[in-house]
Amino acid sequence: MIKAPATPPEPVTRADKRALLMGAVLLGGMLLGNLAQAHGDVVPHAVATDGLEQLGPEWRAENPYRESKDHDKALEIGKSAYTQNCAACHGLEAISGGIAPDLRHLDVGALGDEWFVERVRNGAVRDGRVYMPKMADYLSQEALWAVRTYLDSVHTEE
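For the sequence shown, position 68 (counting from the first letter as 1) is numbered 67 according to numbering that gives the first Met the number 0, and the numbering increases by one without interruption.
Take a look at the structure:
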């Protein structure tokens, strides 16, 4: 048998409500701060490109894996490399949350390759702020073209 409390609970005061609201606001601010940090505090991870044709020091103008025997291997490596090095800003499966460009809409073929090479080699800096690092300083040409191969596989028209 459940017994009723001997005395009724005290009513919630205005001060109690204010304290609860302040706690919720502080907790929400901390959570949002962590989400924002997740988009910008990214350390590039090495990418193993075993099994891909080695491309040498000169950058190719177009994706060498697009129609090569290494396409499927490049796609596999590129998906993993993208998830480790790009998804924090550009979104899982290249679906951006609005902070960085949605890479599913990158032009296909040579035009998209030209933009891709420009961005991964030079990064994105505006008003002295680094929005994207020079990924070619951290990842090999093979790894970056593998990422491009993956991006081709998730391409959608706007």
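Backbone N, C-alpha and C define an ideal beta-carbon position, used for all residues, glycine too.
Predicted model, so just to flag it, every value in this text is computed and none were measured.
Checking 8 Å against the spacing of the C-beta atoms, do residue i and residue j come in under that value?
i    : j    : result
Y64  : W114 : no
P43  : L138 : yes
Y149 : L91  : no
K72  : G96  : no
E157 : D112 : no
R103 : H154 : yes
Residue i lies in the alpha helix (DSSP H); which residues open and close that run?
i    : result
Y149 : 140-152
V124 : V124 -> not in any alpha helix (DSSP H); beta strand (DSSP E) instead, spanning 123-125.
I76  : 70-84
Tell me the rounded alpha-carbon separation between residue i and residue j.
i    : j    : result
R17  : T6   : 25 Å
I98  : C88  : 7 Å
G108 : S152 : 12 Å
G77  : V129 : 24 Å
D69  : A47  : 14 Å
Q83  : P8   : 52 Å
E66  : A142 : 16 Å
G127 : N121 : 14 Å
G22  : D101 : 35 Å
G10  : C85  : As written in the sequence, residue 10 is Pro, which differs from the Gly given in the question. Looking at the two C-alpha atoms, the distance is approximately 52 Å.
T12  : L19  : 11 Å
Run the CB neighbour count on residue i, radius 10 Å, all protein chains shown included, and call it buried at 16 or more, exposed below.
i    : result
Q53  : exposed
R59  : exposed
A93  : buried
M134 : buried
V124 : exposed
L26  : exposed
For the beta strand (DSSP E) containing residue i, name the first residue and the last one.
i    : result
Y130 : 128-131
Under 8 Å by Cβ, that's how I've got residue i and residue j pegged, so tell me the actual separation to the nearest angstrom.
i   : j   : result
V24 : Y81 : 36 Å between Cβ atoms; not a contact.
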